[in-house]
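Inspection log for the structure reproduced underneath, given as structure tokens.
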Amino acid sequence: MGERLRLILRKAHWSLALKGLAFGLGWLWLPGWLFALLALFLYFKPLFQPGKLLRSFFVLLGLSLGFSALAPALLPLFSGIGELLAAFLAALFFLLMGIKDLAFVHRSGRYLLLYAGLFLGVFMLSFWYAAPRDALRLLLVAALFLAASTLLFREFLGVMRDNLFLGVPGTEEAASVWDEWKRRRVLVWALAFLVFQLFWAVNLLPIGFLMQAALLLLLVVLGSDALRAHMQGALTPFYVLRATTVLIFAALGIFAASNWEL
17 MGERLRLILR KAHWSLALKG LAFGLGWLWL PGWLFALLAL FLYFKPLFQP GKLLRSFFVL
77 LGLSLGFSAL APALLPLFSG IGELLAAFLA ALFFLLMGIK DLAFVHRSGR YLLLYAGLFL
137 GVFMLSFWYA APRDALRLLL VAALFLAAST LLFREFLGVM RDNLFLGVPG TEEAASVWDE
197 WKRRRVLVWA LAFLVFQLFW AVNLLPIGFL MQAALLLLLV VLGSDALRAH MQGALTPFYV
257 LRATTVLIFA ALGIFAASNW EL
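The sequence shown begins at 17 in the working numbering and counts up one residue at a time.
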């Protein structure tokens, strides 16, 4: 029985790898509208709990279209930027489909990796497009940033509370917990607004859009993990000390590696 299960999972992983490859190559070679149709087809086949990670999928699709405009601008700086972004998007889609289709045994860590990767993409695009101080462009960046952050935080809180990875998805107990947290949507909006304020603060630092994205990602990942620890009753003084130490040393590393554009 165990050997049969391993064979099934191995076959599922190969299928996921092919889907991720198709997603990445489709982004690299197809026009935007045709790539969007391909992405929808890959996500909804098979039609298994499609709503569970639908917010992450929409954010990933938006990132893919945004990167299509970013890649030509970065091409003079790095000739392989298209292939690198395609590999990044393919890896995120691989994680997303593996979690959605329950192909991974240990899904919690992989979801957090997907969550961080999506936020990294959002931050990279936002800092890049916010660099020219054009009012209309900044307004568009702000609206898209808030929309993506709200979607990701809403899904993160749902995943952490509805026992998606620790129990059986779709149980009556899980649904009751999720219904309870639907009445606390203000927390999602508060988190999105807080990160929005941090975005504008970090945007003032002259360290380049990649380092700006890395710094804001550090703050969001540590903050999200602290929220998870609080929800699980594990927010101890030792946890706070460890997280603060990681924040200080990682931030110092980012600042040291930055090319300050004063």
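From the three backbone atoms N, C-alpha and C, an ideal C-beta is built for every residue, glycine too.
Note that this is a predicted model, so its numbers are computed, not measured.
Cβ-Cβ distance between Phe172 and Tyr145 below 8 Å: Position 156 of the sequence shown, counted from the first residue, corresponds to residue 172. Position 129 of the sequence shown, counted from the first residue, corresponds to residue 145. Against a cut-off of 8 Å, the Cβ pair of Tyr145 and Phe172 comes out as no contact.
Within-8 Å CB hit, Phe254 to chain B: Judged by its chain identifiers, the structure shown contains no chain B, having just a single protein chain.
Beta-carbon separation (whole angstroms), Phe109 vs Phe39, contact threshold 8 Å: Taking the first residue of the sequence shown as 1, we reach residue 109 at position 93. Taking the first residue of the sequence shown as 1, we reach residue 39 at position 23. Yes, Phe109 and Phe39 are in contact; Cβ-Cβ is about 4 Å, under 8 Å.
Check whether Leu233 and Leu136 have beta carbons under 8 Å apart: Your numbering for residue 233 matches position 217 in the sequence shown. Your numbering for residue 136 matches position 120 in the sequence shown. In contact: Leu233 and Leu136 (Cβ atoms closer than 8 Å).
Where Lys61 sits in the DSSP three-state scheme: Within the sequence shown, numbered from 1, the residue matching residue 61 stands at position 45. Lys61: coil per DSSP, three-state reduction.
Terminal residues of the alpha helix (DSSP H) in which Ala106 lies: To locate residue 106, count along the sequence shown from 1; it is residue 90. Note, Ala106: alpha helix (DSSP H), Ile97 to Lys116.
Nearest to Met140 (by Cα), restricted to the options Phe225, Gln213 and Gly96: Numbered from 1 along the sequence shown, position 124 holds the residue referred to as residue 140. The residue with the shortest Cα to Cα distance from Met140 is Phe225.
Buried versus exposed call for Ala106 [16 or more other C-beta atoms within 10 Å across all chains shown]: Here residue 106 corresponds to residue number 90 of the sequence shown, with the count starting at 1. Buried, because 16 or more other Cβ atoms sit within 10 Å of the Cβ of Ala106.
6 Å Cβ shell around Trp216 - same chain, five flanking residues per side excluded: Numbered from 1 along the sequence shown, position 200 holds the residue referred to as residue 216. No residues qualify anywhere along the chain.
C-alpha gap between Met227 and Ser274, whole angstroms: Taking the first residue of the sequence shown as 1, we reach residue 227 at position 211. Taking the first residue of the sequence shown as 1, we reach residue 274 at position 258. Using only the alpha carbons, I get a separation of about 6 Å.
C-alpha gap between Glu188 and Phe64, whole angstroms: Looking up residue 188 in the sequence shown gives position 172. Looking up residue 64 in the sequence shown gives position 48. Here the model assigns Glu188 a pLDDT of 48, short of 50, so the residue's position is not dependable and the matter cannot be decided.
Unbroken alpha helix (DSSP H) run spanning Gln228, endpoints: Translated into the one-based positions of the sequence shown, residue 228 becomes position 212. Unbroken alpha helix (DSSP H) run through Gln228: Phe225 to Met247.
Coarse secondary structure for Leu263, derived from DSSP in three states: Within the sequence shown, residue 263 is the residue found at index 247, counting from 1. Correct three-state label for Leu263: helix.
Residue nearest to Gly67 in terms of C-alpha spacing, selected from Ile115, Leu46 and Gly42: As a first step, residue 67 must be located in the sequence shown, where it is residue number 51. Out of Ile115, Leu46 and Gly42, Ile115 has the C-alpha closest to the C-alpha of Gly67.
Counted within 10 angstroms of its Cβ, other Cβ atoms place Ser95 as buried (16 or more) or exposed: Here residue 95 is taken as the residue at index 79 of the sequence shown, counted from 1. Exposed.
Own chain residues within Cβ distance below 8 Å of Thr166, not counting five before or after: Taking the first residue of the sequence shown as position 1, residue 166 is located at position 150. Val204, Trp205 and Ala208, listed in sequence order.
Cut-off 7 Å between Cβ atoms - residues of its own chain near Leu235, not counting five sequence neighbours on either side: Here residue 235 refers to the residue found at position 219 when the sequence shown is read from its first residue. Excluding positions up to five away in sequence, the list reads Leu214.
Pair within 8 Å by beta-carbon distance, Leu238 and Val262: For the purposes of this step, residue 238 is identified with residue 222 of the sequence shown, where counting begins at 1. For the purposes of this step, residue 262 is identified with residue 246 of the sequence shown, where counting begins at 1. Yes, the Cβ-Cβ distance between Leu238 and Val262 is below 8 Å.
Beta-carbon proximity check, Val138 vs Ala102, cutoff 8 Å: For the purposes of this step, residue 138 is taken as the residue at position 122 of the sequence shown. For the purposes of this step, residue 102 is taken as the residue at position 86 of the sequence shown. Taking 8 Å as the Cβ cut-off, Val138 and Ala102 do not qualify as a contacting pair.
Cβ-based burial, Lys61 [other Cβ within 10 Å; buried from 16]: The sequence position of residue 61 within the sequence shown is 45, counting from 1. Exposed.
Identity of the residue in Lys35, Leu128, Leu93 and Leu41 nearest Arg10 by Cα: This structure does not reach residue 10, given that the chain is present from 17 up to 278, and the question cannot be answered.
Met176 CB to nearest heavy atom of the ligand MN below 7 Å: In the structure shown, the ligand MN is absent, as is every other ligand, since no ligand is present at all.
Identity of the residue in Gly98, Leu58, Leu53 and Gly48 nearest Ala33 by Cα: For the purposes of this step, residue 33 is taken as residue 17 along the sequence shown, with counting starting at 1. The shortest C-alpha separation from Ala33 is found at Leu58.
Arg170 beta carbon less than 8 Å from that of Arg258: Counting from 1 along the sequence shown, the entry for residue 258 is found at position 242. Counting from 1 along the sequence shown, the entry for residue 170 is found at position 154. No, Cβ-Cβ distance for Arg258 and Arg170 is not below 8 Å.
Nearest neighbour of Leu81, chosen from Leu91, Leu53 and Leu69 [CA to CA]: Residue mapping note: residue 81 aligns to position 65 of the sequence shown, counting from 1. The shortest C-alpha separation from Leu81 is found at Leu53.
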